[in-house]
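Following: one structure in structure tokens, then a few remarks.
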Amino acid sequence: MERVISNHYCILPGHFYPVLKLRAYTQLGVIRNYCKGDSVVLPGEVVNKVIFVLAGKLGVSFLNEDGRQKFMFYVDPFTFADRLFAIEECFVHVVAEEDSTVCFFENEPLLRVLQEDRELLIEFITCYASKCTYFMREAKELVLYRPSARVLRLLYELCRAQGKECPQGYVIDQRITQKAISEITGVHFVTISRLFRYLKEENILQKQANKIIVYDLPRLRALIEEEELRF
DNA sequence: CCATTAATATATA
DNA sequence: TATATATTAATGG
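Residue 121 in full-length UniProt numbering is what sits at position 121 of the first sequence, and the numbering runs on without skipping anything.
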């Protein structure tokens, strides 16, 4: 059964292309469980394993010398945090966002099965490709658009990509917090809160805990194109 | 824990 | 210098 490998353009930093075939090889790795909040990789720790998630979710952040940090992405089931080749001086922090089960694959056995199993190799590369696409988008957005425009564009693209028509307009079934949107876009959480208040007051969209209802997609589009935005 | 709000400071065009 | 965004701090769900 061949899966379609096109259109894995990720707007949010998770749900990258899943490497389902790697599930068949977990006996080659070491399985461990983590509780929500546990560190899976500490900043500065050198790991040369691929961390394949079987259940739950991990979060990956970069920490800087000055104490600042940037959230990078979520590792959902059947995707991985990669240290296939160890990186020195890598201040990455990998934390269990939920109770999670992961499988650690050592470099050599994994490279061997990737060579033996062509389908697995294709999935593995496709997972990397979807992640690469996400980060290219993020880099482009950061350079080209101001903070509030980045949030509006994210919402607009989410609506276009996965919004379902409903009586009020479109509904985006996405459980995402304002804090997460803040981390993804690099916009301060207070600014995010004010922006959502404005969008609600203007009857453009409303964010609830587990969904976003878009009432007026054309106006959302128009706001993105406006030079000024007062909220 | 997450979200809201106001007051104030800083950054940027 | 005007406007956008960040920061801080207090407060509530």
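Don't be surprised by glycine CBs; every beta carbon is placed ideally from N, CA and C. From a predicted model like this one, the values you see are computed outputs, not experimental measurements.
Endpoints, alpha helix (DSSP H) assigned at residue i
i: residue 132; result: 118 to 144
Simplified DSSP state of residue i, which is helix, strand or coil
i: residue 213; result: strand
i: residue 149; result: helix
i: residue 9; result: coil
i: residue 219; result: helix
i: residue 84; result: coil
i: residue 189; result: helix
i: residue 21; result: helix
i: residue 204; result: coil
i: residue 224; result: helix
i: residue 155; result: helix
i: residue 248; result: Shown here, the chain extends from 1 to 231; a query on residue 248 therefore has no answer.
i: residue 58; result: strand
i: residue 63; result: strand
i: residue 174; result: coil
i: residue 2; result: With a pLDDT of 44 at residue 2, under the threshold of 50, the predicted position of this residue should be treated as unreliable, and no value is reported.
Status (buried if at least 16 other CB within 10 Å, exposed otherwise) for residue i
i: residue 83; result: buried
i: residue 18; result: buried
i: residue 23; result: exposed
i: residue 177; result: exposed
i: residue 46; result: exposed
i: residue 149; result: buried
i: residue 183; result: buried
i: residue 93; result: buried
i: residue 87; result: exposed
i: residue 190; result: exposed
i: residue 70; result: exposed
i: residue 85; result: exposed
i: residue 195; result: buried
Contact check, residue i vs residue j, beta carbons under 8 Å
i: residue 140; j: residue 96; result: no
i: residue 124; j: residue 114; result: yes
i: residue 214; j: residue 205; result: yes
i: residue 171; j: residue 163; result: yes
i: residue 91; j: residue 62; result: yes
i: residue 76; j: residue 15; result: yes
i: residue 210; j: residue 175; result: yes
i: residue 102; j: residue 51; result: yes
i: residue 99; j: residue 56; result: yes
i: residue 134; j: residue 13; result: yes
i: residue 40; j: residue 78; result: no
i: residue 153; j: residue 145; result: yes
i: residue 21; j: residue 119; result: yes
i: residue 159; j: residue 217; result: yes
i: residue 109; j: residue 28; result: yes
i: residue 161; j: residue 31; result: no
The beta strand (DSSP E) enclosing residue i, as first and last residue numbers
i: residue 101; result: 100 to 106
i: residue 16; result: That residue, residue 16, is in no beta strand (DSSP E); it is neither H nor E in DSSP.
i: residue 46; result: From DSSP, residue 46 is part of no beta strand (DSSP E); its letter is neither H nor E.
i: residue 70; result: 69 to 75
i: residue 37; result: From DSSP, residue 37 is part of no beta strand (DSSP E); its letter is neither H nor E.
i: residue 166; result: 164 to 166
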